[in-house]
Structures are given as structure tokens and as C-alpha cells.
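Participant: I'd like to ask some things about the structure below.
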Amino acid sequence: MDPILYATPGNPIPGNPTVGFLTGHRGIKLRYAVFRSEAPVAKGTVVLLHGRNEAIEKYFETIRDLNQRGLWVATFDFRGQGGSERLLKNSRKGHVHRFSDYVRDLEIFLEQIVLPDTRLPFFLLAHSTGGLIALSAAPRLANRIERMVLSAPFVGLGGQKLSPNNIHRLATLATFTGFGRICLTSDDPTKPYDDNPLTSDPLRYQRNVEILKAHPHLALGPPTARWLYEAQETIRQVSSPKHLASITVPTVIIAPGKDPIVPYRYPEKLSQYFRAGQLVPVPGALHEILHERDRYRAQALAAFDAFIPGGDPQPETGETTATPIFSEN
1 MDPILYATPG
11 NPIPGNPTVG
21 FLTGHRGIKL
31 RYAVFRSEAP
41 VAKGTVVLLH
51 GRNEAIEKYF
61 ETIRDLNQRG
71 LWVATFDFRG
81 QGGSERLLKN
91 SRKGHVHRFS
101 DYVRDLEIFL
111 EQIVLPDTRL
121 PFFLLAHSTG
131 GLIALSAAPR
141 LANRIERMVL
151 SAPFVGLGGQ
161 KLSPNNIHRL
171 ATLATFTGFG
181 RICLTSDDPT
191 KPYDDNPLTS
201 DPLRYQRNVE
211 ILKAHPHLAL
221 GPPTARWLYE
231 AQETIRQVSS
241 PKHLASITVP
251 TVIIAPGKDP
261 IVPYRYPEKL
271 SQYFRAGQLV
281 PVPGALHEIL
291 HERDRYRAQA
301 LAAFDAFIPG
311 GDPQPETGET
321 TATPIFSEN
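Just so we're aligned: 187 in the UniProt record's numbering is position 187 of the sequence shown, and the numbers increase by one with no gaps anywhere.
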């Protein structure tokens with residue numbers, strides 16, 4: 001039987017997780033995993049939401065860090081990417097019919113996996129597109145999620161040849177003229193490290209490239225016009241003062257200072273109208289701060305530890321601990 005999770009050199013699977021598939025909204029098969037902490041008393045469960053074109057394997061290091069803090073981690077691949085069911089015949093295209101499908105998948109995951117099979121209290125850690133999904137779902141999460149940490153939430157688009165307004169015009173035109181499945185941009189998930197917009201850590205970057213080289217079925221290509229249209233409409237919705245005022249889950253927004261994909265000005269503007277939100281800038285960091293150099297990544301984890309109850313690292317006991325795979329560059 002084929003494995004459900006995939007280890008690669010330098011990126012072992014943390015612990016002995018429970019893995020499987022659940023049926024998401026409208027029958028889409030979603031790959032999920034639950035990673036249990038070995039701490040005698042669990043301090044809660046972190047629901048981990050990835051970014052676009054990411055998979056569970058990319059977060060093994062972060063999952064291990066959270067488990068060492070006494071926290072369980074429950075995560076799943078979004079529909080249309082990673083090890084979950086793809087939505088188009090061309091599986092390389094990043095597509096979604098409605099952005100609300102992501103929100104419904106999250107609700108199903110919470111109801112069917114997190115609530116019955118993990119430990120209270122529940123927290124949420126989300127990156128990029130995962131942050132946008134969390135913001136969209138947040139008004140209905142107040143009775144389930146205690147606190148949220150959003151890493152570079154996708155609340156604005158930068159780093160493109162066209163302006164966000166022009167991208168939105170083209171995506172809207174394509175979507176409503178029957179061309180919503182075409183791609184307006186191109187990307188290469190295994191391109192060389194030089195000048196990448198994601199991280200300044202060459203070792204972590206190469207580790208993530210090797211995951212996709214070894215298991216190319218986990219990789220995703222550029223988003224479709226429909227995906228861009230749905231994402232930008234959702235950004236407009238969640239950025240409205242009315243929506244932000246409806247969010248009561250205490251939230252920290254970690255904003256990398258040199259992020260070219262979601263430029264700092266976007267999360268900064270969002271935080272001005274977000275009563276339940278607090279902005280934590282990390283000057284010098286690129287978009288994928290949980291895959292950044294230690295000096296930046298440590299700041300993100302420190303913000304998490306200071307905010308998530310019980311999320312601080314275990315006190316030293318004199319026992320020998322493993323040497324980190326990655327050190328300061």
C-alpha cells in the first residue's frame with residue numbers, strides 16, 4: 001500500500017501520526033494528519049492551515065516544534081493541492097470553484113477530526129492563503145478556536161508584473177466569459193534558490209524543493225483565473241471593517257517586513273481595523289517566515305509562544321536534546 005505521508009532526506013515524519021482521508025465539501029477527498037505530542041499532558045491542539053501550493057510534508061519541522069511544546073497538531077491539504085483530490089483534469093492547475101469551499105472544508109475537518117480526535121483547547125496557525133481562509137471563517141469560529149496566529153496572511157497581492165487591479169480585471173473577465181480555468185501566470189515550484197521571494201534560508205528552501213522533486217504529485221502549478229478572482233473577492237470581503245469587527249477570536253498577525261508576495265502594507269492596513277488582531281512585524285523576513293533563517297523564524301515562534309496559552313517550550317530537564325537540522329545562516 002502506498003504511504004499517505006512522505007519522508008525525504010533531512011525531513012523525517014514527526015512521531016507516529018494518525019493519517020487518512022476525509023470527505024470534504026461536495027465530496028472532495030482531503031488528506032489529513034494528526035500529530036500527537038509525547039508530553040504526558042497535552043496543552044491543546046493547533047489546527048495548521050498551509051498556503052497555496054503547500055502540503056503537509058513542508059511543515060514537518062514546524063509540527064515537530066509544536067509537538068515539543070506539548071501541543072498536538074491537526075492539519076490537512078486543501079482541496080486541489082498536496083495529497084488531496086485535484087479539481088481539474090490538468091492536476092497542475094491551482095483551481096477552486098468557490099473560495100467558500102475552503103471554509104466549508106475547514107468546518108468539516110473541525111467537526112469530524114479535530115473535535116472528536118484531538119485535545120482541547122483548540123488554536124489555529126495559518127500561513128498565507130490559509131490565513132485568508134481563517135479570516136473568512138473566523139466569525140463562526142468563536143466557540144471552537146481559542147486564539148489564531150496568522151503568518152503573512154494573503155490579504156493583498158504583490159510581486160506581479162501587472163497591478164492587483166489589472167489582475168482582478170483579467171481574472172473577472174476570464175471567469176465570467178467561460179475561461180475561468182485558464183492560468184494568467186506561470187511558476188516553477190522547483191526553481192533555483194537565487195532571487196526566490198519565499199525565504200532567505202538556502203537549506204530550508206532546498207529541503208522544500210527536494211520534497212517536490214521526490215514526490216512531484218504533491219506539486220501545484222499556477223492558479224487559474226477563477227482561483228485569482230475568488231481569492232481577490234475574499235480579500236475584499238475580509239478586509240472590510242464590518243467583517244473584521246465581527247471577528248472576536250483573539251488574533252496575532254505576523255507580518256514579514258520584506259515580503260514581496262504579501263507586502264507589509266497590506267497586513268498593516270488590515271490590523272488598523274481589526275479590533276481582535278495585533279500586528280507583529282518581523283523586519284527583514286521574506287514571505288515564508290516558518291521556513292526562514294533562524295533569526296527570523298525564532299521571532300515568529302516567540303510571538304506564537306507569547307500568545308498561545310501553554311505554547312511555551314518545555315523547561316530544560318538536563319536530558320540531551322537533538323541537534324537542530326538547521327542552524328543560523
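We put the CB at the ideal spot given by N, CA and C, even for glycine.
Bear in mind that the values here come from a model prediction, so they are computed numbers and not experimental data.
Can you give the Cα-Cα distance for T18 and L162, rounded to whole angstroms?
Facilitator: 43 Å
Participant: Quick one: which unbroken alpha helix (DSSP H) runs of 4-plus residues sit fully inside the segment 183-260? Chain order, please.
Facilitator: 202-214, 225-238, 241-245
Participant: Within 10 angstroms of the Cβ of V262, are there 16 or more other Cβ atoms? Answer buried if so, exposed if not.
Facilitator: Buried, because 16 or more other Cβ atoms sit within 10 Å of the Cβ of V262.
Participant: Can you find at least 3 beta carbon pairs, one from the segment 281-299 and one from the segment 250-258, that sit closer than 8 Å?
Facilitator: Segments in contact, yes.
Participant: Over what stretch of residues does the alpha helix (DSSP H) that includes P164 continue unbroken?
Facilitator: 164-175
Participant: Compute the Euclidean distance between the alpha carbons of residue 330 and R236, then round it to the nearest angstrom.
Facilitator: Within the shown structure, residues of the chain are numbered from 1 to 329, placing residue 330 beyond reach of any answer.
Participant: Any idea what DSSP makes of A137, helix, strand or coil?
Facilitator: helix
Participant: Within 10 angstroms of the Cβ of G20, are there 16 or more other Cβ atoms? Answer buried if so, exposed if not.
Facilitator: Result: exposed.
Participant: What residue from A214, Y264, A134, F109 has the CA that sits closest to Y32's CA?
Facilitator: Nearest option by C-alpha distance: F109.
Participant: Give the list of continuous alpha helix (DSSP H) stretches no shorter than 4 residues that lie fully inside the segment 112-137.
Facilitator: 129-137
Participant: Helix, strand or coil: how does DSSP classify P17 here?
Facilitator: coil
Participant: Using alpha carbons as the reference points, say which of E210, L125, V114, I56 lies closest to residue 341.
Facilitator: As displayed, the chain neither begins before 1 nor continues past 329, which places residue 341 out of reach and without an answer.
Participant: Closest to A245 by CA distance: which of Q272, M148, P121 is it?
Facilitator: Q272
Participant: Thinking C-beta only, is S128 closer than 8 Å to R52?
Facilitator: yes
Participant: Pick helix, strand or coil for G304, following the three-state DSSP scheme.
Facilitator: Residue 304 is actually Phe in this sequence, not Gly. In the structure shown, the three-state DSSP call for F304 is helix.
Participant: What does DSSP give as the partner residues of L48 in its beta bridges?
Facilitator: In the DSSP output, where bridge partners are listed per residue, L48 has T75, L125.
Participant: According to DSSP, is F60 part of a helix, a strand, or is it coil?
Facilitator: helix
Participant: Taking Cβ to Cβ, would you say V114 is nearer than 8 Å to F123?
Facilitator: no
Participant: At what residues does the alpha helix (DSSP H) containing V103 begin and finish?
Facilitator: 100-109
Participant: Quick one: Cα of I182 to Cα of W227, how far?
Facilitator: 10 Å
Participant: Name the one or two DSSP bridge partners that P281 has.
Facilitator: A255
Participant: Quick check on this structure: which residue in I167, P197, W72 has the alpha carbon closest to the alpha carbon of A152?
Facilitator: Nearest neighbour of A152 by Cα position, chosen from I167, P197, W72, turns out to be P197.
Participant: Excluding the five sequence neighbours on either side, which residues of its own chain have a C-beta within less than 6 Å of the C-beta of I13, listed in chain order?
Facilitator: If the five residues before and after I13 are omitted, its C-beta is found closer than 6 Å to the C-beta atoms of L5, A7, all from its own chain and listed in chain order.
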